[in-house]
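Novice:
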Amino acid sequence: MARPLQDRTVLVIGRGGGIARAVTTAARDAGAQVIAAGRDQEALAKAYADDTGAWDALGDAGKADYFEDVSTRNPARRIGTTEDIATAVLFAMTNTFLTGTTLRIDGGEPLI
């Protein structure tokens, strides 16, 4: 397997949620040495053990209803995952011809 980030260092900063974990894993799998930094050490530690929990406030039934609703109208027919975002970040990190662009990672349905 090609390792496009071999001998590179990637610094991942932020809150330390599931997206940071997925980006860290993708960069590491692509051969990079990864440094994770965050302001909240407890959140940073949890980021590598827990999922994002972004939809938990809806409760199990509310979350299932929301996911079903989005799946019927979203062109991708599903909710995005942290891996979807990590894949796009890895693409942006490894494509040396990509400059000054905004990648929309929304399955065809923007949140705003």
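Just so you know, we're using this note's numbering here: the sequence shown kicks off at -8 and counts up by one. Virtual Cβ for every residue (Gly too), placed ideally from N, Cα, C. Computed from a prediction, not measured in an experiment: that's the story for all the values here.
#1: To which residues of the same chain is E74 closer than 6 Å at the C-beta, ignoring the five residues directly before and after it?
#2: Using three-state DSSP, classify L81 as helix, strand or coil.
#3: Can you tell which of Q(-3), D60, G71 has the C-alpha that lies nearest to the C-alpha of I10?
#4: For the structure I just gave you, are there three or more beta carbon pairs, one from the segment 44 to 62 and one from the segment 76 to 85, closer than 8 Å?
#5: Quick one: give me the first and last residue of the beta strand (DSSP E) that D0 is part of.
#6: From what residue to what residue does the beta strand (DSSP E) around I26 run?
#7: Comparing C-alpha positions only, which one of P101, A18, E100, G5 sits nearest to A83?
#8: The alpha helix (DSSP H) that contains G53, what's its start and end?
#9: On the CB-based measure, 16 or more other CB atoms within 10 Å of its CB, does G91 come out buried or exposed?
#10: Is the segment 54 to 62 touching the segment -7 to 2 in the sense that three or more CB pairs, one from each, lie closer than 8 Å?
#11: Using DSSP with H/G/I as helix, E/B as strand and the rest coil, what is T92?
Specialist: Judging by the given coordinates:
#1: Counting from one through the sequence shown, the residue named residue 74 turns up at place 83. Counting only residues of its own chain and dropping the five nearest sequence neighbours on each side, E74 has a CB closer than 6 Å to the CB of A13.
#2: Taking the sequence shown and counting its residues from 1, the one referred to as residue 81 is at position 90. It is helical.
#3: Here residue 10 refers to the residue found at position 19 of the sequence shown. Answer by Cα proximity: G71.
#4: Per the Cβ contact rule, the segment 44 to 62 is not in contact with the segment 76 to 85 (fewer than 3 Cβ pairs under 8 Å).
#5: Residue 0 sits at position 9 when you count from the first residue of the sequence shown. The sequence as given places Thr at residue 0; Asp does not occur at that position. T0 -> beta strand (DSSP E) spans 0 to 4.
#6: By one-based count along the sequence shown, residue 26 stands at place 35. Run containing I26: 24 to 28, per the beta strand (DSSP E) assignment.
#7: Locating residue 83 in the sequence shown gives position 92, where the first residue counts as 1. Nearest of P101, A18, E100, G5 to A83, Cα basis: A18.
#8: Taking the sequence shown and counting its residues from 1, the one referred to as residue 53 is at position 62. G53 -> alpha helix (DSSP H) spans 50 to 64.
#9: For the purposes of this step, residue 91 is identified with residue 100 of the sequence shown, where counting begins at 1. By the neighbour-count rule (16 or more Cβ atoms within 10 Å), G91 is not buried but exposed.
#10: no
#11: Your numbering for residue 92 matches position 101 in the sequence shown. Coil.
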